[in-house]
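Those protein sequence lines, which keep their order, are chains A and B. Residue 656 is where the first sequence starts when you use the numbering used here, and the numbers rise one by one after that. Residue 3 is where the second sequence starts when you use the numbering used here, and the numbers rise one by one after that. Glycine included, each C-beta is placed from N, C-alpha and C at the ideal position. In this text, all values refer to a predicted model and were calculated from it rather than measured experimentally. Remarks on the structure that follows.
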Amino acid sequence: NAGVTQTPKFQVLKTGQSMTLQCAQDMNHNSMYWYRQDPGMGLRLIYYSASEGTTDKGEVPNGYNVSRLNKREFSLRLESAAPSQTSVYFCASSEAGVLDTQYFGPGTRLTVL
Amino acid sequence: EDQVTQSPEALRLQEGESSSLNCSYTVSGLRGLFWYRQDPGKGPEFLFTLYSAGEEKEKERLKATLTKKESFLHITAPKPEDSATYLCAVRTNYGGSQGNLIFGKGTKLSVKP
């Protein structure tokens with residue numbers, strides 16, 4: 656099993672450009688999450704999907720949209736990137752719901768110029 | 003406000019020199035405390051979950067303990083390969099949604115041979 660995979664690994668955008676970060680898991684997990692990690696700060700939740708067909712905002716959702724494409728895939732979209740969105744983005748998944756242990760992907764390092 | 007504080011921010015040890023990392027928390031009803039290990043450029047790797055005061059879990063040279071206000075990650079006779087950032091997270095209620103994690107900023111551990 657690959658676990659949680661993310662693409663791309665690195666990305667550089669110009670202010671105002673859009674892009675979608677992709678995440679997939681092969682563990683048959685129900686819940687999926689998007690976090691961002693910035694220097695000197697803890698991981699912060701952007702959006703999550705408790706189960707297929709549902710999505711909810713986390714702590715820092717502004718400037719982002721998500722799509723739970725199916726049980727395996729959960730994408731994060733930046734419609735108009737801003738320098739403040741420069742960060743490392745992690746996707747995670749958990750088995751039976753938001754109360755279970757979360758397993759993380761390798762991350763996407765995004766720079767917005 | 004729910005909060006997680008990790009100390010120290012950085013810790014340098016000699017190989018074989020045992021020590022402890024601290025995670026203190028203030029939450030309105032703990033529903034699980036998690037320890038993760040994060041290597042540079044990689045996603046967090048799950049280590050332990052603790053649910054109630056007095057609970058302990060061990061894995062190789064690592065032992066996690068939990069009280070009503072804090073958790074300790076004890077590292078016995080560390081090796082250079084234990085060098086990493088150790089993250090603590092607590093599960094609580096956030097924004098009306100149950101089960102989201104709040105992360106501390108981490109402790110960066112360096113073990114010199």
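task = Within 10 angstroms of the Cβ of Q680 of chain A, are there 16 or more other Cβ atoms? Answer buried if so, exposed if not.
result = Position 25 of the first sequence holds residue 680 of chain A. Q680 of chain A should be labelled buried.
inquiry  = Within 9 Å of any Cβ in chain B, is that where the Cβ of E750 of chain A sits?
reply    = Locating residue 750 of chain A in the first sequence gives position 95, where the first residue counts as 1. It does not; no Cβ of chain B falls within 9 Å.
ask   = Cα separation between T660 of chain A and Y744 of chain A?
value = Taking the first sequence and counting its residues from 1, one reaches residue 660 of chain A at position 5. Taking the first sequence and counting its residues from 1, one reaches residue 744 of chain A at position 89. Each residue's alpha carbon lies about 12 Å from the other.
Chain-ordered neighbours of T87 of chain B on chain A, where CB pairs are closer than 7 Å = One-based indexing of the second sequence puts residue 87 of chain B at position 85. Those do not exist, as T87 of chain B stays about 10 Å from chain A at its closest Cβ, beyond 7 Å.
query = Between which two residues does the beta strand (DSSP E) containing H76 of chain B stretch?
reply = On the second sequence, residue 76 of chain B is found 74 positions in, with the first residue counted as 1. Segment 72-77, the beta strand (DSSP E) holding H76 of chain B.
request  = Just tell me which of A:S704, A:N656, A:Y688, A:K669 has its CA closest to the CA of E734 of chain A.
outcome  = Here the question's residue 734 of chain A lines up with position 79 in the first sequence. With distances taken between Cα atoms, E734 of chain A lies closest to A:K669.
task = Please classify D84 of chain B: does DSSP put it in a helix, a strand, or coil?
result = Taking the second sequence and counting its residues from 1, one reaches residue 84 of chain B at position 82. Helix, per DSSP.
ask   = Within this structure, are the beta carbons of L89 of chain B and L700 of chain A separated by less than 9 Å?
value = The count along the second sequence starts at 1 and reaches residue 89 of chain B at position 87. The count along the first sequence starts at 1 and reaches residue 700 of chain A at position 45. No, these two residues do not count as a Cβ contact at 9 Å.
query = Can you name the residues of chain B whose CB is closer than 7 Å to the CB of Q757 of chain A?
reply = Within the first sequence, the letter at position 102 stands for residue 757 of chain A. In chain order: L103.
Partner residues on chain A for G31 of chain B, Cβ-Cβ distance less than 8 Å = In the second sequence, the residue the question calls residue 31 of chain B occupies position 29. In chain order: nothing, as chain A lies at least about 13 Å away.
key: Coil, strand or helix - Q672 of chain A by DSSP   = The sequence position of residue 672 of chain A within the first sequence is 17, counting from 1. In this structure, Q672 of chain A counts as coil in the three-state DSSP scheme.
query = List, in order along the chain, the chain B residues whose C-beta lies closer than 7 Å to that of F745 of chain A?
reply = By 1-based counting over the first sequence, the position of residue 745 of chain A is 90. Result: G45.
request  = Within the same chain, show all residues whose beta-carbon is closer than 6 Å to that of T28 of chain B, passing over the 5 residues directly before and after it, in chain order.
outcome  = To locate residue 28 of chain B, count along the second sequence from 1; it is residue 26. So the list reads Q5, once near-sequence residues are dropped.
task = Give me whichever residues DSSP pairs with Y690 of chain A in a beta bridge.
result = As a first step, residue 690 of chain A must be located in the first sequence, where it is residue number 35. Paired residue(s): A:L700, A:F745.
task = Rounded to whole angstroms, what's the CA-CA distance from F665 of chain A to S739 of chain A? Just pull it up for me.
result = One-based indexing of the first sequence puts residue 665 of chain A at position 10. One-based indexing of the first sequence puts residue 739 of chain A at position 84. About 17 Å.
Close beta carbons around S716 of chain A, own chain, < 7 Å, minus the five adjacent residues each side = On the first sequence, residue 716 of chain A is found 61 positions in, with the first residue counted as 1. Residue 716 of chain A is actually Pro in this sequence, not Ser. Only I701, Y702 meet the Cβ criterion.
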